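Heads up: the structure comes next, in structure tokens.
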Amino acid sequence: MLVKTLSDVLGTPDHATGDAFESRRILLARDGLGYSFHDTVVKAGSTQHLHYKNHIEANYCIEGKGEVENAVTGETWPLEPGVMYVLDEHDPHIIRAETDLRFICIFTPALSGQETHDADGSYAASE
């Protein structure tokens, strides 16, 4: 059995921060589960262009208000607590945060925790 708390992650290398986000990486590839599990905050007023070409990502909103846009089709969907969106076709997308948005995110394959976004908003393929 594996048991972790958010406080186990805060202030460690698994707590990634940037100008527009904060990612608390609770489960990572080293945990051996085949997926990673993140508690992520997208900061109010930010816009992020992302494209996970090597990962499938599921995002469940638990706090905040904003929108997600499919960057190919231009379709947009509101984000608020209780909304899930899944990037099941490696969809390039844009997140706009009206308020701080908080998501529970699952990536497959699992992230190592050392990834940084490339210029196009993606992560490199896992090793």
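All residue numbers for the sequence shown refer to the working numbering, where the first residue is -11 and numbers rise by one.
By construction, the Cβ of each residue, glycine as well, lies at the ideal position given by its N, Cα and C atoms.
In this text the structure is predicted, and so the values were computed from the model without any measurement.
Checklist entry - Do you know whose CA, among 67, 63, 102 and 71, lies nearest residue 32's CA? => result For the options 67, 63, 102 and 71, the alpha carbon positioned closest to that of residue 32 is the one of 67.
Next on the checklist: One question on the structure: do residue 75 and residue 40 come within less than 9 Å of each other, judged by their Cβ atoms?
Outcome noted: Using a Cβ distance threshold of 9 Å, residue 75 and residue 40 count as a contacting pair.
Checklist entry - Do you know offhand how far residue 51's Cα is from residue 89's? => result For residue 51 and residue 89, the distance between alpha carbons rounds to 5 Å.
Next on the checklist: Going by beta-carbon coordinates alone, are residue 26 and residue 80 separated by less than 9 Å?
Outcome noted: Between residue 26 and residue 80, the C-beta spacing is not below 9 Å.
Checklist entry - Of all the options 87, 73 and 34, which has the alpha carbon lying nearest to the alpha carbon of residue 7? => result Nearest in C-alpha terms to residue 7, of all of 87, 73 and 34, is 34.
Checklist entry - At what residues does the alpha helix (DSSP H) containing residue -6 begin and finish? => result Per DSSP, the unbroken alpha helix (DSSP H) holding residue -6 starts and ends at -6 to -3.
Item to check | 3-residue-minimum beta strand (DSSP E) runs that sit fully inside the region 9 to 57, ordered along the chain | outcome: For the region 9 to 57, whole beta strand (DSSP E) runs of length 3 or above, ordered along the chain, are 9 to 15, 24 to 30, 35 to 38 and 44 to 51.
Next on the checklist: Please report the distance separating the alpha-carbon of residue -10 from that of residue 77.
Outcome noted: CA-to-CA, the gap between residue -10 and residue 77 works out to about 30 Å.
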